[in-house]
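> Please read through the structure below; I'll follow up with questions.
Numbering (my numbering), first residue to last: 1468 to 1777.
Here it is as structure tokens:
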């Protein structure tokens, strides 16, 4: 077993889920050592937006054989992914905290809690129960699977839509993307929980929204570009669906004058379904474990398929 030499860059990125010192401690606990880029075998890249910076770093250090990214989705980094080295991400790490957000969004919207919070008089809002609700989850990966597990106490009837249908525990059906409209047509709630790829940009458009019942809620914890935003605005304004809980939007951040902010049936959070303070211990554990695996020549956890982009 070797002691991997690991670089952390950029060291001064202020939005990193963990501090430079914490990441260094994770590397050491995994049996590695901190190194400068020119001498590194591996790279922990903490800036989840700087594609050009990562490309430049790798061009200057072709000896780097493994890159650890900090986010679960790697769609932003797709242009720099290659088959020359191993890539890992936070894939699977944050699934349960994000699924918890989904459950919170469904409970609060079904029970009209946001409307009650805004009220200044003793009124009665329309309400319903999540117990036994029909939920369609689009995406059968880590987040989708966690949503299915966390919804079990509510005895929901769950249909999963995924690229490669296969049975999943806790579901009543798993169908392919070609059956998307049918899958949402009877749903009380639709949850977007899939990785963003060129094939599924705009997967939730006017046609799919029109297929949803007018009483259904949408929850998006995937990526903003999965939804055609103008179509969603129209559906919410016209009452074609009951409402939406959005942790991600397109564009993102959402401009202050965007019409989504004006809609009482749209609940928006700033991409915080798994914020840094929650994500940090998961990420540090992944780094330490993968440093150990890398040094031992074992398969890394959270491997990214560079061709598929997730």
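From the three backbone atoms N, C-alpha and C, an ideal C-beta is built for every residue, glycine too.
How would you write the range of the beta strand (DSSP E) that residue 1641 sits in, first residue to last?
From DSSP, the beta strand (DSSP E) with residue 1641 extends over 1640-1642.
> On a Cα-Cα basis, can you pick out the residue from 1708, 1730, 1709, 1735 that is closest to residue 1461?
Because the chain is modelled from 1468 through 1777, residue 1461 falls outside the range shown and cannot be assessed.
> Report the three-state DSSP secondary structure of residue 1651 (helix, strand or coil).
Helix, per DSSP.
> Who are the near neighbours of residue 1707 in its chain, counting only those whose CB is closer than 8 Å to its CB and skipping five residues on each side?
1676, 1677, 1679, 1681, 1701, listed in sequence order.
> With three or more beta-carbon pairs closer than 8 Å as the criterion, would you say the segment 1496-1513 touches the segment 1729-1747?
No, they do not touch.
> Check for me: the alpha helix (DSSP H) holding residue 1710 runs from which residue to which?
Looking at the DSSP string, residue 1710 is not in any alpha helix (DSSP H); the run it does join, the beta strand (DSSP E), is 1710-1713.
> Mark residue 1530 as exposed unless 16 or more other C-beta atoms lie within 10 angstroms of its C-beta, in which case mark it buried.
By the 10 Å Cβ count, residue 1530 comes out exposed.
> Give every residue of the same chain whose Cβ lies closer than 6 Å to the Cβ of residue 1471, excluding the five residues on either side of it in the sequence, and list them in chain order.
Only 1499, 1508, 1509, 1758, 1761, 1762 meet the Cβ criterion.
> If you draw a straight line from the C-alpha of residue 1541 to the C-alpha of residue 1642, how long is it?
So the alpha carbons of these two residues sit roughly 25 Å apart.
> If contacts are defined as beta-carbon pairs under 8 Å, then residue 1554 and residue 1560 qualify, I think. What distance do you get, rounded to the angstrom?
So it is not a contact: roughly 15 Å between Cβ atoms.
> Quick one: measure Cβ to Cβ for residue 1573 and residue 1656, integer angstroms, because I've assumed they're closer than 8 Å.
Yes, they are in contact, since the Cβ atoms of residue 1573 and residue 1656 sit about 6 Å apart, within 8 Å.
> Scan the segment 1730-1760 and note each continuous beta strand (DSSP E) run of 3 residues or more that stays entirely inside, going in chain order.
With a minimum length of 3 residues, the continuous beta strand (DSSP E) runs that stay inside the segment 1730-1760 are 1733-1735.
> For the 8 Å Cβ check, are there 3 or more pairs between the segment 1610-1618 and the segment 1660-1670?
As far as the Cβ criterion goes, the segment 1610-1618 touches the segment 1660-1670, which means the pair count is three or higher.
> Helix, strand or coil for residue 1704 per DSSP?
Residue 1704 falls in the helix class under three-state DSSP.
> Any Cβ of chain B within less than 8 Å of the Cβ of residue 1728?
Within the model displayed, chain B is absent; a lone protein chain is all it includes.
> Taking the continuous beta strand (DSSP E) assigned at residue 1690, which residues delimit it?
Careful: residue 1690 lies outside any beta strand (DSSP E) and carries neither H nor E.
> What residue does the alpha helix (DSSP H) around residue 1565 start on, and which one ends it?
1562-1577 is the extent of the alpha helix (DSSP H) around residue 1565.
> Determine the direct distance from the alpha carbon of residue 1577 to that of residue 1417, and round the result to whole angstroms.
Residue numbering for the chain in the displayed model covers 1468 to 1777; residue 1417 lies beyond these limits and cannot be assessed.
> Does DSSP put residue 1547 in a helix, a strand or coil?
Three-state DSSP puts residue 1547 in a helix.
> So residue 1711 and residue 1606 are supposed to be a Cβ contact under 8 Å. How far apart are they, rounded?
Residue 1711 to residue 1606, Cβ: 17 Å. No contact.
> Taking C-beta to C-beta, are residue 1687 and residue 1714 nearer than 8 Å?
Closer than 8 Å, so yes.
> Mind checking which residues open and close the beta strand (DSSP E) that includes residue 1535?
Per DSSP, residue 1535 belongs to the beta strand (DSSP E) from 1533-1536.
> Note down the Cα distance separating residue 1755 from residue 1720, rounded to an integer number of angstroms.
Rounded to whole angstroms, residue 1755 to residue 1720 spans 32 Å at the Cα level.
> According to DSSP, simplified to helix, strand and coil, what is residue 1847?
Shown here, the chain extends from 1468 to 1777; a query on residue 1847 therefore has no answer.
> For residue 1602 and residue 1625, which I take to be in contact (beta-carbon distance under 8 Å), what is that distance rounded to the nearest angstrom?
Contact holds; Cβ gap of about 5 Å.
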